[in-house]
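See below for the structure under consideration.
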Amino acid sequence: MYKLIKSPVDSKIKMVKRLSDNAFIPFNEANTDYQEYLKWLEEGNTPLPADEISE
Amino acid sequence: MQDGSTDFEFLPIDVSLGRCQRYYEKSYDQATYAGASGTPAGYTMTYANNGVTTASYIGCSERFKTEKRGSPTMTSYDWSGNSGKCTRGTLAVGNEANSNWSFETASTSSWIGYSDGGSTRNFVSLHWVASSEL
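Chains as they are written, first to last, in numbering that gives the first Met the number 0: chain A, 0 to 54; chain L, 0 to 133.
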């Protein structure tokens, strides 16, 4: 399972957190963990939404 | 030995280490495994604005020793070895492990991260691992 992470700097989603080991995966095609995430999405899965940024 | 093969190439350890760190780098000393407890050496530590205590965000960033082959997957560890966490603290007052930690970005050259709140402290500290393996 994965969870989207929203940046408190610009409110953009640039990372996805792999909940099994708390690893943060950048959206980068060269990253093999990101490639696994894309495959997981293609299988019909949906990540948990990002938390709203607190003040 | 097959025709065309060459002798094993011995490289200086700093050269070998630099080549390895293109794929994997950690804040810990080389002999310490990621997730070790007991406040192992090498951690990243940053104070909040002017050292004032806060229960809100405390962020920090760091450049890698070696450029990565691609933006790496990042994992943080607090001083107790909990993954996805950091330690928030105040010198001479106390530390609180198991505080939330997130990475904001990771590029081939550096990372930025933050503790988005927790105990009222004036510094944040963590160990980290950057993995850009094939």
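Here a beta-carbon is modelled for each residue, glycine too, at the ideal position from N, C-alpha and C.
At a cut-off of 8 angstroms, the C-beta of residue 38 (chain A) has no neighbouring C-beta in chain L. Residue 83 (chain L): not part of any beta strand (DSSP E); DSSP gives it neither H nor E.
Of all C-beta pairs linking the region 113-122 of chain L to the region 43-63 of chain L, three or more are shorter than 8 angstroms, placing the two stretches in contact. Residue pairing by DSSP puts residue 15 (chain A) in a beta bridge opposite A:3, A:24.
Of all residues in the region 76-103 of chain L, only 82, 83, 101, 102, 103 come within less than 7 angstroms of chain A when Cβ atoms are compared, listed by chain position.
Residue pairing of residue 110 (chain L) in beta bridges, as defined by DSSP: L:61, L:105. Rounded to the nearest whole angstrom, the CA to CA distance from residue 94 (chain L) to residue 117 (chain L) is 12 angstroms. The Cβ of residue 24 (chain A) sits closer than 8 angstroms to at least one Cβ of chain L. In the three-state DSSP reduction, residue 133 (chain L) falls in the coil class, being neither helix nor strand. Beta-bridge pairing by DSSP links residue 127 (chain L) to L:75. Between residue 12 (chain A) and chain L, the shortest Cβ-Cβ separation is not below 8 angstroms.
Residue 2 (chain A) has its alpha-carbon roughly 13 angstroms from the corresponding atom of residue 37 (chain A). Rounded to whole angstroms, the gap between the alpha carbons of residue 60 (chain L) and residue 110 (chain L) is 5 angstroms. In chain order, 69, 70, 71, 72, 131 make up the part of chain L whose C-beta sits under 8 angstroms from the C-beta of residue 30 (chain A). Residue 72 (chain L) has its alpha-carbon roughly 20 angstroms from the corresponding atom of residue 41 (chain A). Annotation: residue 70 (chain L) is outside any beta strand (DSSP E) and is labelled neither H nor E by DSSP. In its chain, beyond the 5 residues on either side, 78 have a beta carbon closer than 7 angstroms to the beta carbon of residue 38 (chain L). Rounded to whole angstroms, residue 26 (chain A) and residue 14 (chain L) show a C-alpha spacing of 30 angstroms. The C-alpha of residue 39 (chain A) is placed about 9 angstroms away from the C-alpha of residue 46 (chain A).
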